[in-house]
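Numbered by full-length UniProt numbering, the letters in the sequence shown go through residues 586 to 860 in order. Step one of this worksheet: look at the structure below.
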Amino acid sequence: CFMLSEIEDATRKFEKKIGSGGFGVVYYGKLTDGREIAVKVLTNDSYQGKREFSNEVTLLSRIHHRNLVQFLGYCQEDGRNMLIYEFMHNGTLKEHLYGPLTHEWSFNWIKRLEIAEDAARGIEYLHTGCVPAIIHRDLKSSNILLDNNLKAKVSDFGLSKSQADGASHVSSVVRGTVGYLDPEYYISQQLTDRSDVYSFGVILLELISGREAISNESFGANCRNIVQWARLHIESGDIQGIIDPNLRDDYDIQSIWKIAEKALMCVQANGHMRP
Ligand code: ADP
């Protein structure tokens, strides 16, 4: 637990905003020992109450994995809830695929493959290494962060819900992001770890195709956006047709083919897709 004054000093009174998301605003900071941190100041309606916050924080503090953004502590003062994480120097996968952080290596096939593997390991740990298992519920390329060694780590699992005794959650509020959201979960509101597998499949398709999964269109139209489009190409054997034109020539068509098939298997994991 951190004191608000420590956090204020670390962030120089919340001067450097690095992003904002569904749960609040993220600031850059530095602890007295020199460690760089990201402080997420949650909006007041993110949590129903103090108990829910402390339950989540207890859960978070037990999670350690090299492919998960490390939670370092929390601060609950002045009517605000704050979560403190290790700082990730190289932004999000989304920013590397679609700008503004694109570099030479963003188009390197081997690097993209490593990112996919790193993310998969992080997700696997949430599902099988944590007790109770954790379902992320909002996997997307903007929740895959890169550290200063360009190692990928999954973030934003802090506000995931744990899977009670292996049973599926029935939640009245579907959480997730259009484009990555598992249609079966959307329809049935039955949450299982397979919904994360669906979202991961969409991330794989983004890594192969360089095509963004997000659209402002309706849910059904958006499903057609990347998943249906990739399926059409892959089923007709036209793998060249989905390869990101920005990818350098160093890719290996056989491995892209295997990963594309795996991505489609992931998105088919739940049996059906709405047209
Ligand atoms: P969302 O709710 O949209 O997933 P977050 O609230 O988790 O987003 O984060 C918003 C933005 O802040 C991210 O897109 C990222 O750019 C930045 N960010 C979040 N966590 C970190 C971190 N640990 N290190 C560096 N940047 C971060």
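For each residue, glycine too, the CB sits at the ideal point set by N, CA and C. Note that the structure is predicted; figures quoted are calculated from it, not measured.
Under 6 Å Cβ to Cβ from isoleucine 811, same chain only, skipping five residues before and after it: list those, please. The residue labelled residue 811 in the question sits at position 226 within the sequence shown. The answer, listed in chain order, is Leu790, Arg796 and Ala798.
Based on the DSSP secondary-structure assignment, which residues constitute the bridge partners of serine 605? Against the sequence shown, residue 605 aligns to sequence position 20. Answer is Val610.
Histidine 857 versus aspartate 835: straight-line alpha-carbon distance, rounded: As a position in the sequence shown, residue 857 is number 272, starting the count at 1. As a position in the sequence shown, residue 835 is number 250, starting the count at 1. The predicted position of histidine 857 is uncertain, since its pLDDT is 44 and thus under 50; a value taken from the coordinates is nonetheless stated next. Taking the straight line joining both Cα atoms gives about 35 Å.
If contacts are defined as beta-carbon pairs under 8 Å, then leucine 730 and methionine 673 qualify, I think. What distance do you get, rounded to the angstrom? Against the sequence shown, residue 730 aligns to sequence position 145. Against the sequence shown, residue 673 aligns to sequence position 88. Correct: roughly 4 Å between the Cβ atoms.
Outcome for leucine 711 when other beta-carbon atoms lying within 10 angstroms are tallied against a minimum of 16: The residue you call residue 711 lines up with position 126 of the sequence shown. Buried, since its Cβ has 16 or more Cβ neighbours within 10 Å.
The alpha helix (DSSP H) with asparagine 640 in it runs from where to where? As a working note, residue 640 is residue 55 in the sequence shown. Element bounds for asparagine 640: 635-646.
Rounded separation between valine 755 and leucine 657 - CA only: Position 170 of the sequence shown holds residue 755. Position 72 of the sequence shown holds residue 657. No answer about valine 755 holds up, because its pLDDT of 46 lies below 50 and its placement is not dependable.
Can you tell me where the alpha helix (DSSP H) holding alanine 845 begins and where it ends? In the sequence shown, residue 845 corresponds to position 260, counting from 1. It spans 838-852 - the alpha helix (DSSP H) in which alanine 845 sits, taken as one unbroken run.
Pull up the distance between the alpha-carbon of aspartate 785 and that of lysine 847, whole angstroms please. Reading the sequence shown from its first residue, position 200 is the one you call residue 785. Reading the sequence shown from its first residue, position 262 is the one you call residue 847. First, the amino acid is wrong: residue 785 is phenylalanine here, not aspartate. Rounded to the nearest angstrom, the two C-alpha atoms are 10 Å apart.
Nearest-angstrom Cα distance between alanine 749 and asparagine 831? Taking the sequence shown and counting its residues from 1, one reaches residue 749 at position 164. Taking the sequence shown and counting its residues from 1, one reaches residue 831 at position 246. The pLDDT assigned to alanine 749 is 38, lower than 50, so where the model puts this residue is not dependable; a value taken from the coordinates is nonetheless given after this. Approximately 43 Å, taken between the alpha carbons.
Residue environment, serine 794, which counts as buried when at least 16 other CB atoms sit within 10 Å: Taking the sequence shown and counting its residues from 1, one reaches residue 794 at position 209. Buried, because 16 or more other Cβ atoms sit within 10 Å of the Cβ of serine 794.
Which of helix, strand or coil does DSSP assign to arginine 760? To locate residue 760, count along the sequence shown from 1; it is residue 175. It is coil, neither helix nor strand.
Which residue or residues does DSSP assign as beta-bridge partners of glycine 658? In the sequence shown, counting from the first residue as 1, residue 658 sits at position 73. Note: glycine 658 sits in a beta bridge opposite Ile669.
Three-state class that DSSP yields for arginine 782 in the structure shown: The residue you call residue 782 lines up with position 197 of the sequence shown. Here residue 782 turns out to be valine, not arginine, going by the sequence shown. Here valine 782 sits in helix by DSSP.
Which residues in the same chain as leucine 653 place their Cβ atom closer than 6 Å to its Cβ, once the five residues preceding and following it in sequence are excluded? Residue numbering aside, residue 653 sits at position 68 when the sequence shown is read from its first letter. Contacts found: Gly707, Lys738 and Val739.
Could you please give the first and the last residue of the uninterrupted beta strand (DSSP E) stretch that includes alanine 623? To locate residue 623, count along the sequence shown from 1; it is residue 38. 621-627 is the extent of the beta strand (DSSP E) around alanine 623.
Opposite alanine 737 in the DSSP bridges: which residues? Against the sequence shown, residue 737 aligns to sequence position 152. The partner list for alanine 737 (beta bridge, DSSP) reads Leu731.
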